Structures are given as structure tokens and as C-alpha cells.
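Student: The sequence shown maps to residues 0 to 213 in numbering that gives the first Met the number 0. Even glycine gets a Cβ: it sits at the ideal position worked out from N, Cα and C. These figures come from a predicted structure and were not determined experimentally. What follows is a single structure, and I will ask about it in a moment.
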Amino acid sequence: MGFVVAIDGPAASGKGSIASRLGGVLRFPVLDTGLLYRAAGVALERSGEDLDDEAAAGSVARSLRPGDLEGEALRTREAGEAASRVAVHPAVRSALLDFQRTFAAREPGAILDGRDIGTVVVPGAACKLFVTASPEVRARRRHTQLSAQGDPATYEAVLEDIRRRDARDGERAAAPMRRAADAVLLDTTDLDIDAAFDAALRIVEASRDRWERS
Ligand code: DC
């Protein structure tokens, strides 16, 4: 395995922006694993099946193709909620595991962001970050993004989404969102994206020095 950067944390913590900017600097491929769950949730809804139906959700997750990971439909509030609901099913999680692990095995390294990368997908990752921020600040960021996409949702509704998703993702039995014991905590509540990225880059560089010497 190359140098893997595992970035976990809740919605709108800044982990996605940090991951993609790190990818540019390190020249490593980046996998936003939330897209896999979003694609599974959206596909299941489109097929008219129930999001709580584990067998149907597992079969949709097993039949995802790379083209399913693209498109604006995956970026909506509804897609985030559907993703969080299908993500509770062990059948869905195990269907998506091989793809994520194969991606993580790319040389000379890879960056993955999600909820369970450092704990379940790549527990041996050389660098682990857990990126978080207060629910209010995350809701403010997500609300600004959604408004720019033309979504009329209020700040209060977005905050409610964030709280519900944090609870579901953190309390599920299968691979709950959790900071790995060896993950560095990065709280971006009071940081803008440039400051958050600089802090993340310092952590990654320190890990890389250690990894290259080991
Ligand atoms: O990061 P995101 O908001 O796009 O993720 C959408 C949902 O997918 C999230 O609420 C929970 C689920 N998810 C997961 O369970 N495990 C991951 N590694 C990534 C996402």
C-alpha cells in the first residue's frame, strides 16, 4: 500500500474541500466515498424501492457503475438524506468496500474521505484526519452552498438535516462515524477553508515524513 490519507468527519466539516486540495498538492487520486452512498440512495429511490429495504439496497449498491457517481442529482439535500439511510445497511457497506479498498491500494498513494475510512476501510492508513466543526457552522456552510444551487431550504431546515444525519451516521451499528484512535482531530469551526487546508497539509506532511522514515 502507498501513502494513504484517510479523512473522516461529518457533513460540511470541510473534509471534501480539504481532500480535493490535498489531491492537487500531493498529486494523488481522491475518492469522495459519500458519492458511493449517494449514488446508491438515489438509484434506489429512482427504482421505487424502499430505502429501508436492505436486500434491495444491497443489490443496487452491487450494481453501481462509475458513470453513476456523476451528476448534480447526487449533490442535493435529498440525496444526502437517502445516502445516510442506505448507509445503515451492512449489505450496502460490504458491497462498496472492495471498490474503496482497491482505490486505496493505488500507488504511490491515495486520499479517501468519508465516515469510516480510518476505522474500517483503511485502518492501516499512514495519515488519518478527523475533520469536524460545530453543527451551526456546518449548517451555515451547507445552507450557503444549497442556496447557490437554487435550493430554497431555510438555515433551520438545513441545521435539522445536519443534526439528524450526524445522529444516524454516528449511532448506526455498522461502521458508525467515529474518530479512529490514531486520527488527528481538526476542528474547522473557526477556520476558513484556506486555514483549514493549511492545518491539514501540515498534519499530512508530518505523517509523510514519519512514513518515509519507517
Ligand atoms: O459525505 P456525504 O455527506 O456525501 O455522505 C453522505 C452520507 O453517506 C452520509 O450521511 C453517510 C454516508 N457515508 C457513509 O456512511 N460512509 C462513508 N464512508 C461516506 C458516506
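1) Say the cut is 7 Å; is the CB of tyrosine 154 nearer than that to a heavy atom of the ligand DC?
2) Considering only their Cβ atoms, is the gap separating threonine 118 from alanine 174 smaller than 8 Å?
3) Buried or exposed: which applies to aspartate 181, given that a residue is buried once 16 or more other Cβ atoms fall within 10 Å of its Cβ?
4) With distances taken between CB atoms, is the gap from alanine 38 to leucine 128 smaller than 8 Å?
5) Return the chain-ordered ranges of every alpha helix (DSSP H) run that is complete within the stretch 56-87 and spans a minimum of 4 residues.
6) For leucine 128, report the span of its beta strand (DSSP E) as first-last.
7) Using a 10 Å radius around the Cβ and a threshold of 16 neighbouring Cβ atoms, would you call threonine 143 buried or exposed?
8) Give the secondary structure of leucine 30 by DSSP, where H, G and I count as helix, E and B as strand, and everything else as coil.
9) What does the Cβ neighbour count give for leucine 184, buried or exposed, with the cut at 16 atoms within 10 Å?
Tutor: From the atom records:
1) no
2) yes
3) exposed
4) no
5) 76-85
6) 126-131
7) exposed
8) strand
9) exposed
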